[in-house]
Amino acid sequence: MEIEKTRETSWKIQLKNKNESIELTSVEISGEVRIIKLTLLKNSESIIVDMAKEDFLIFYP
Numbered sequence: 001m002e003i004e005k006t007r008e009t010s011w012k013i014q015l016k017n018k019n020e021s022i023e024l025t026s027v028e029i030s031g032e033v034r035i036i037k038l039t040l041l042k043n044s045e046s047i048i049v050d051m052a053k054e055d056f057l058i059f060y061p
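Each residue of the sequence shown is one higher than the last, beginning at 1 in UniProt numbering.
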């Protein structure tokens with residue numbers, strides 16, 4: 001039985017206006033990115049988008 005290791009990595013991008021930013025978070029489980037979280041922040045408001053592996057980074061051979 002293999003133990004799944006989870007690692008979460010976040011990046012915060014400050015936009016020109018100091019009260020606006022973008023946060024991008026990737027959740028890696030056993031070495032594979034499975035979830036991407038995108039958060040748009042403005043003042044005290046935020047929009048959060050969660051995407052599963054099937055929803056992002058679709059590559060065609």
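Even glycine gets a Cβ: it sits at the ideal position worked out from N, Cα and C.
### Query
Among the residues of its own chain, which have a CB less than 8 angstroms from the CB of A52, if the five just before and after it don't count?
Within the same chain, A52 has close Cβ partners R34 and I35.
#### Entry: CB-CB length for E20 against L41, believed under 8 angstroms
Contact holds; Cβ gap of about 7 angstroms.
### Message
With DSSP as the reference, identify every bridge partner of R7, one or two as the case may be.
### Response
The partner list for R7 (beta bridge, DSSP) reads E28.
### Task
Could you work out which residue in L15, S46, V27 and G31 is closest to I3 when comparing CA atoms only?
Here the closest residue by C-alpha is G31.
### Task
Measure the Cβ-Cβ separation of S10 and E23 and say whether it is below 8 angstroms.
For the 8 angstroms CB-CB criterion, S10 and E23 form a contact.
### Message
I'd like to confirm the pairing. Which residues does DSSP put opposite E20 in its beta bridges?
### Response
E20 is bridged to K42.
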